[in-house]
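S.K.: Chains as they are written, first to last, in numbering that gives the first Met the number 0: chain A, 0 to 293; chain B, 0 to 243; chain C, 0 to 226.
Sharing a structure here in structure tokens format.
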Amino acid sequence: MKTIYQSLCFEMNNPVPQAMAALSPRKLLRSIVLSILLGISSTPAFADDLLVAVASNFIKPMQAISQQFTESTGHKVTLSFGSSGKLMAQIRHGAPFDLFLSADQDKVTRLLEKELAVSGSEFIYAQGRLVLWSGKQELVDTSGDVLKSDKFRYIALADAKLAPYGKAAEQVISALGIEQHLKPRVVKGENISQTYQFVRTGNADLGFVALSQVQHHPESLKGSQWLIPRDYHEPIDQYAVILKRAKHKDAATEFSQFLQRKSTHALIRSFGYDLPTSVQLAESDQSCDYAYLR
Amino acid sequence: MSERAEATASTEKDSIKFHFQLQRDEFSLDVDGSFSGRGVTAIFGHSGCGKSTLLRCIAGLEKPQIAFFQVDQSVWEDSSQSTRLPTHQRPIGYVFQEASLFPHLSALKNLQYGQKRCGQSQNNDQLEQVIDLLGIENLLHRKPDRLSGGERQRVSIARALAVCPQLLLMDEPLSALDMKRKREILPFLERLHQELAIPVLYVTHSPAEVRRLADNLVVMDSGKIIASGKLTETEQYLDDSHLF
Amino acid sequence: MLTSADYSALWLTFKVASLTTLILLILGTPVAWWLSNTQSRWKPLLSALIAVPLVLPPTVLGFYLLVLMGPEGALGRFTDAIGLGTLPFTFTGLVFASCIYSLPFVVQPLQNAFEAIGPRPLEVAATLRASPIDSFFSVTIPLAKPGFFTAGILGFAHTVGEFGVVLMIGGNIPDKTRLVSVQLYNHVEALEYTQAHWLAALLLGFSFLVLLVMYTVIKTPLRVQHV
């Protein structure tokens, strides 16, 4: 199954075929059909096949979660990764997903407005944490003073129009009142993984990236980082919603509930995500999750 | 055999001396001899005997393993001394089997192409003479694709002469033409024969052309020269049926 | 309709594509010439290297260029050492990457054109006292003119359509590296479909016009399959 995920991921992460897929869903459908056909042979006949569209930034946790879900329920889960914008375009044009895990709230709201999603089924499955990160040791300090300095040539952030992490980064920048200082130094990734690559390859000296990325690549920790305090920007809420076209609404509901379970939340946190206090229930203090940072 | 060996032996008067050895996959050329420095020498043999290759060696278009070529006192190529004039520095005129005019240039521009490059650009008399000799006045402003096959070949002969060569090499200039075109061109070639002072090496497999045009004859077979001398002395080879 | 950012992206794209085409015609000519004449055992290697951008997904190519041109990459160290700094996020870097990306589209038509000429016209030129360099300019280039035309137009059009590479190494800086394809992509991603449609129509019209001109003028089928 993993190889199918990978082949799908590959297709999803390659913008050119992807752009074509956005225009004609045939290619996407073909890969989906292929993965379903391949998947069927190894699953019990009574189990449902869930088709879930997931924002790319959530690839790693989602693979772990869906594996646990399959183990505990028998339902098979096929994941389709892509940017939220592309996935939404596909959903609007009839892609047969059961569940959509967006990287933001906006796409989910739009789907609800267009009555393509089941109203009331939306929920926050994770919150992103923003990190100012550099591959260089001691460049980034714990209060972000480096941003006001001349110690860097380029700073990378995701495009605010396209990526929620980019929007949050711009809020941080305006909260610090350094828009003019940064303007000539800003380079923008079209998504958060490209932004990470800019910094990772050293082409940008530092950048606003996702905590989950820094945490996912252990060598990233060799650099320096500042975990942006939550109150510097609006929460990066990642919303999930059940789609109206879902063929397996029961299984989709089951998966929604599974995503909101305490144990799943712990798993999500371990990948560098946050969860809003309202859905934290009675869980233990989360600060220990980031102990390694400072 | 002794008769042939005798005929191959070079005579004192021959001023063009050559020796080439060229080895290729399926073919080898091994020739050693001389040509007369006057008149038309036909190089005769059936196709594949190496006569065109010999001409290309003389022009410097091939690189034989062993090569020696001398005209009068000047050595153009001597592999034992590692001397070799590149083709564009050899004072030759070369007429290819197909006319090979430059398609992007008019007939006149084709003529002037070589003329300009051999320091003859001021010499319009020479060019006019050549144009006159081949009767191509009316064709000068046409592009090659507007010329007939015979006209093209006449322009290409004129082009080879416009560089004032010391040696004219002609590689089956008529073989690509039909009988009518051949008859159209042969009179011009005869005029060349009469009016040109330079030696001409004329490759052909046609006994008729040899009889009509040649003074001397070199007969080749399987990459070797099997006879050479005055046409009157060697004419019997033209009827040797296995040669063509 | 179109915003000033769109126009700026269009103008920038035109600059990058023109410069790239010019550079590739100049550099690609000797390379194509060598390839069409050589029997060297390195020929397949060089041909394969040049063709790599045809098969490599552009984002992958862009990623490796990002690494190569970055401060830790070989090329990045070199450009830094000679005082150019590193190339990503710059106009120069974009032109450089475009040159690599569009290289096969220029070299292959040229190589085909040179091969189609064959050795004979050059032999003729040599017997007419033209040195090899002389005959290259006076015979080869005029005879290969349709090949140059095809190469120029394909190189230009392919650079205009370049996307994955620009996305990876451009950094989306207005007036500097934000090309029209990226601008279009951003419109789509930001769900600004009306603007996206306008830009897409413009690009489509442009590509159609280019191909129409090419087919009208040269009237010969393209020898490069990948358009």
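Each residue gets a CB set at the ideal place from its N, CA and C atoms; glycine is no exception.
Note that the coordinates shown come from a computational prediction; the quantities given were computed from them, not determined experimentally.
Please list, in chain order, the chain C residues whose beta carbon lies closer than 9 Å to that of R158(B).
M.R.: For the purposes of this step, residue 158(B) is identified with residue 159 of the second sequence, where counting begins at 1. The contacting residues are V123, L127.
S.K.: In terms of alpha-carbon separation, which member of K108(B), Q72(B), Q152(B), R89(B) lies closest to I57(B)?
M.R.: Residue mapping note: residue 57(B) aligns to position 58 of the second sequence, counting from 1. Looking at the Cα atoms, R89(B) is the closest of the given residues.
S.K.: Using the rule of at least 16 other Cβ atoms within 10 Å of the residue's Cβ for burial, across every protein chain shown, is W41(C) buried or exposed?
M.R.: Your numbering for residue 41(C) matches position 42 in the third sequence. So W41(C) counts as exposed.
S.K.: Among the candidates L138(B), F43(B), L212(B), F101(B), whose CA atom is the shortest distance from the CA of E189(B)?
M.R.: Translated into the one-based positions of the second sequence, residue 189(B) becomes position 190. Comparing Cα-Cα distances from E189(B) to each of L138(B), F43(B), L212(B), F101(B), the minimum goes to L212(B).
S.K.: Pull out every residue of the segment 131-156 of chain A whose Cβ sits closer than 7 Å to any Cβ of chain C, in chain order.
M.R.: Going along the segment 131-156 of chain A in chain order, one finds Y153 with a Cβ nearer than 7 Å to chain C.
S.K.: Apart from the five residues just before and just after L5(C), which ones in its own chain have a Cβ nearer than 8 Å to its Cβ?
M.R.: Translated into positions along the third sequence, residue 5(C) becomes position 6. Per the sequence presented here, residue 5(C) reads as Asp, with Leu not at that position. V179, Q182, Q194, W197, L198.
S.K.: For the alpha helix (DSSP H) holding Q67(A), just list the boundary residues, first then last.
M.R.: One-based indexing of the first sequence puts residue 67(A) at position 68. Residues 58-72.
S.K.: Using only alpha-carbon positions, find the residue among E61(B), K62(B), D13(B), G59(B) that is nearest to V39(B).
M.R.: Numbered from its first residue, the second sequence carries residue 39(B) at position 40. Ranking E61(B), K62(B), D13(B), G59(B) by Cα distance to V39(B) puts D13(B) first.
S.K.: Roughly how many angstroms separate the alpha carbons of T203(B) and Q96(B), rounded to a whole number?
M.R.: Taking the second sequence and counting its residues from 1, one reaches residue 203(B) at position 204. Taking the second sequence and counting its residues from 1, one reaches residue 96(B) at position 97. One C-alpha to the other measures close to 10 Å.
S.K.: How long is the line joining the alpha carbons of I123(A) and L210(C), rounded to whole angstroms?
M.R.: Within the first sequence, residue 123(A) is the residue found at index 124, counting from 1. Within the third sequence, residue 210(C) is the residue found at index 211, counting from 1. Each residue's Cα considered, the two are about 50 Å apart.
S.K.: Is V159(C) close to chain B, meaning its C-beta is less than 9 Å from at least one C-beta of that chain?
M.R.: As a first step, residue 159(C) must be located in the third sequence, where it is residue number 160. Not one chain B Cβ lies under 9 Å of V159(C).
S.K.: V209(B) versus chain C: which residues are under 9 Å apart at the beta carbon?
M.R.: In the second sequence, counting from the first residue as 1, residue 209(B) sits at position 210. Those do not exist, as V209(B) stays about 23 Å from chain C at its closest Cβ, beyond 9 Å.
S.K.: Check for me: the alpha helix (DSSP H) holding Y238(A) runs from which residue to which?
M.R.: Here the question's residue 238(A) lines up with position 239 in the first sequence. Careful: Y238(A) lies outside any alpha helix (DSSP H), inside the beta strand (DSSP E) at 235-241.
S.K.: Could you please give the first and the last residue of the uninterrupted alpha helix (DSSP H) stretch that includes I123(A)?
M.R.: The residue you call residue 123(A) lines up with position 124 of the first sequence. Careful: I123(A) lies outside any alpha helix (DSSP H), inside the beta strand (DSSP E) at 122-127.
S.K.: Can you give, in chain order, each stretch of the alpha helix (DSSP H) that sits fully within the segment 16-63 of chain C and has at least 4 residues?
M.R.: Runs found: 42-54.
S.K.: Identify the residues that DSSP records as bridge partners of Y231(A): which are they?
M.R.: The count along the first sequence starts at 1 and reaches residue 231(A) at position 232. Answer is none; Y231(A) lacks a bridge partner.
S.K.: Should T85(C) be flagged as near chain A, meaning a C-beta pair shorter than 9 Å?
M.R.: Taking the third sequence and counting its residues from 1, the one referred to as residue 85(C) is at position 86. Yes - at least one Cβ of chain A is within 9 Å of the one on T85(C).
S.K.: Take I91(B) as the anchor and find which of V216(C), I132(C), L127(C) has the nearest alpha-carbon.
M.R.: Counting from 1 along the second sequence, the entry for residue 91(B) is found at position 92. Of V216(C), I132(C), L127(C), the residue nearest in Cα terms is L127(C).
S.K.: Taking C-beta pairs closer than 9 Å, name the residues in chain A that M213(C) reaches, listed in chain order.
M.R.: Numbered from its first residue, the third sequence carries residue 213(C) at position 214. Ordered by position in chain A, no residue passes the 9 Å Cβ test against M213(C), which lies about 23 Å from the chain.
S.K.: Can you tell me the Cα-Cα spacing of K62(B) and L21(B), whole angstroms?
M.R.: Your numbering for residue 62(B) matches position 63 in the second sequence. Your numbering for residue 21(B) matches position 22 in the second sequence. Cα to Cα, the separation comes out at about 8 Å.
S.K.: Could you have a look at T85(C) and say whether DSSP puts it in helix, strand or coil?
M.R.: In the third sequence, the residue the question calls residue 85(C) occupies position 86. Correct three-state label for T85(C): coil.
S.K.: Considering Cα atoms alone, identify which of E183(B), E208(B), D71(B), K108(B) is closest to Q165(B).
M.R.: The residue labelled residue 165(B) in the question sits at position 166 within the second sequence. Out of E183(B), E208(B), D71(B), K108(B), D71(B) has the C-alpha closest to the C-alpha of Q165(B).
S.K.: Anything in chain C within Cβ reach of Q196(A), meaning under 8 Å, just list it in chain order.
M.R.: Along the first sequence, read from residue 1 onward, the residue named residue 196(A) stands at position 197. Going along chain C in sequence order, the residues near Q196(A) (Cβ under 8 Å) are F62, L65, M167.
S.K.: Express the C-alpha separation of E171(B) and F34(B) in angstroms, rounding to a whole number.
M.R.: In the second sequence, counting from the first residue as 1, residue 34(B) sits at position 35. In the second sequence, counting from the first residue as 1, residue 171(B) sits at position 172. Looking at the two C-alpha atoms, the distance is approximately 18 Å.
S.K.: Just curious, the beta strand (DSSP E) that A106(B) is in, first and last residue?
M.R.: In the second sequence, residue 106(B) corresponds to position 107, counting from 1. No beta strand (DSSP E) holds A106(B); the alpha helix (DSSP H) holding it covers 106-116.
S.K.: Report buried or exposed for V51(C), applying the criterion of at least 16 other Cβ atoms within 10 angstroms of its Cβ.
M.R.: Against the third sequence, residue 51(C) aligns to sequence position 52. V51(C) comes out exposed.
S.K.: With distances taken from CA atoms, which of G127(A), I227(A), A251(A) is nearest T69(A)?
M.R.: Counting from 1 along the first sequence, the entry for residue 69(A) is found at position 70. Nearest C-alpha to T69(A): A251(A).
S.K.: Take every Cβ of the segment 214-226 of chain A, pair it with every Cβ of the segment 79-88 of chain A, and state whether three or more of those distances are shorter than 8 Å.
M.R.: No: fewer than three Cβ pairs fall under 8 Å.
S.K.: Taking Cβ positions only, does N85(B) come closer than 9 Å to chain C?
M.R.: Counting from one through the second sequence, the residue named residue 85(B) turns up at place 86. Here residue 85(B) is Pro; the residue named in the question, Asn, does not match the sequence. Yes, its Cβ sits closer than 9 Å to a Cβ of chain C.
S.K.: I'd like to know whether the C-beta atoms of V145(A) and L138(A) end up nearer to each other than 9 Å.
M.R.: Along the first sequence, one-based indexing puts residue 145(A) at 146. Along the first sequence, one-based indexing puts residue 138(A) at 139. It is a contact, given that the beta carbons lie within the stated cut-off.
S.K.: Got a sec, what are the start and stop residues for the beta strand (DSSP E) G206(A) sits in?
M.R.: To locate residue 206(A), count along the first sequence from 1; it is residue 207. Looking at the DSSP string, the run of the beta strand (DSSP E) that includes G206(A) is 205-209.
S.K.: Are any of the Cβ atoms in chain A nearer than 9 Å to that of P120(C)?
M.R.: Here residue 120(C) refers to the residue found at position 121 of the third sequence. No, no contact with chain A.
S.K.: So who's on the other strand from D29(B), going by DSSP bridges?
M.R.: Mapped onto the second sequence, residue 29(B) falls at position 30. Answer is Q20(B), bridged to D29(B).
S.K.: What are the boundary residues of the alpha helix (DSSP H) that includes A265(A)?
M.R.: Locating residue 265(A) in the first sequence gives position 266, counting from the first residue. Residues 261-269.
S.K.: If the cut is a Cβ gap below 8 Å, which residues of chain A does E71(C) touch?
M.R.: In the third sequence, residue 71(C) corresponds to position 72, counting from 1. Here the neighbours are T200, G201.
S.K.: Checking contacts by CB at 9 Å: is V138(C) closer than that to chain E?
M.R.: Any reference to chain E falls outside this structure, whose protein chains are A, B and C.
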